[in-house]
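Written out below as structure tokens is the structure these notes cover.
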Ligand code: TYM
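Numbering (my numbering), first residue to last: 173 to 510.
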């Protein structure tokens, strides 16, 4: 993949902090693939595995290492093409930590205190409310701003982090003159917030303790169908998208993502049928949608050497791009040149 200064840049990433869910796929990775395939001529694509973010919550080292490589294989199995996109690992590019520190000094305590992800995660990890969890958004801003990304495809839960990134970038630009491109979040109409199958007002999350609440990208067909069968709905019987029908709305958005059907088409398809038929259809559409990804993933993981070699090369490529921004920043803030 050749990086061109003339093109716009799209960047995103996932934390390798657990098994990926269909929320990660439908809310993020699926859109990365569509963008890559549609805008290859006009954009640079960078897709990173955010392992430095993952350690804000305790990880088992061997698992983190394994999942980091697996996540790269997942990106590719979903359709990220290493000829078109630069795939790399965050910790392989020291500039993330370096710019992250600088941006810490341009990010306000009050702003960080308002981040909902910080509030949620610190409530869940009361034993380990570490400084990294708090300053996480400044590192995320560094991930994005280092590559002068124009567009960041993410799910709804990350929108607030893109907003703070914009604020940090604007603040820096105001003090030192134009330095960073101000990024925009990119979200599609459906799939930006896939909810838990058990508590459909809550986001589906890879850290959910209830295995029936989330569908993992590598669940087997039987498990997927069973989880959808058990999905919490309501006492109505009619499949329609409406306020207050959170469970059904969630299933409709999942079905829509996998089949490409609109909500009206789905309502027509299930007219006169019950929730049981609908849940089965959603489960099957989901399992069928994931099957080719699962097969491709198994093929890719059979050659770990190839993945590791690619990551080594890409670490240099990403470091080179990142170093341009970092040296500009260092110069502007007054660090003495080497
Ligand atoms: P993470 O690892 O929590 O999630 C990765 C991507 O998946 C999306 N997502 C969802 N979308 C819809 N419904 C859901 N239930 C759902 N769950 C997760 C997330 O919105 C995200 O797009 N902070 C980021 C990782 C990150 C990053 C970055 C992303 C670090 N640096 C720079 C973009 C750019 C995170 O924790 O994502």
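Idealized CB from N, CA, C, for every residue including glycine.
The beta carbon of residue 428 is closer than 6 Å to those of 362 in its chain, skipping five residues each way along the sequence.
Residue 409 and residue 448 have their alpha carbons spaced roughly 9 Å apart. Take the alpha-carbon of residue 202 and the one of residue 460: they are about 15 Å apart.
No Cβ-Cβ contact shorter than 9 Å links residue 497 with residue 311.
Three or more beta-carbon pairs separated by less than 8 Å are not found between the region 395-404 and the region 233-252, which leaves the two stretches without contact.
Take the alpha-carbon of residue 492 and the one of residue 246: they are about 25 Å apart.
Around the beta-carbon of residue 377, 16 or more other beta-carbon atoms lie within 10 Å, marking it buried. Shown here, residue 198 sits in a helix according to DSSP, grouped into three states.
Taking C-beta atoms as the reference points, residue 354 and residue 342 count as a pair closer than 9 Å.
Of the other Cβ atoms in all chains shown, 16 or more fall within 10 Å of the Cβ of residue 186; this residue is therefore buried. Distance from the Cα of residue 273 is smallest, within the candidate group 286, 380, 306 and 188, for 306. Between residue 445 and residue 403, the C-beta gap is not smaller than 9 Å, which leaves the two residues out of contact. The region 370-407 contains, as complete alpha helix (DSSP H) runs of 4+ residues, the segments 393-401 (chain order). The C-beta of residue 320 has 16 or more other C-beta atoms within 10 Å across all chains shown, which makes the residue buried. Between the ligand TYM and the CB of residue 254, the shortest heavy atom gap is not smaller than 8 Å. With 16 or more other CB atoms across the displayed protein chains lying within 10 angstroms of its CB, residue 457 is buried.
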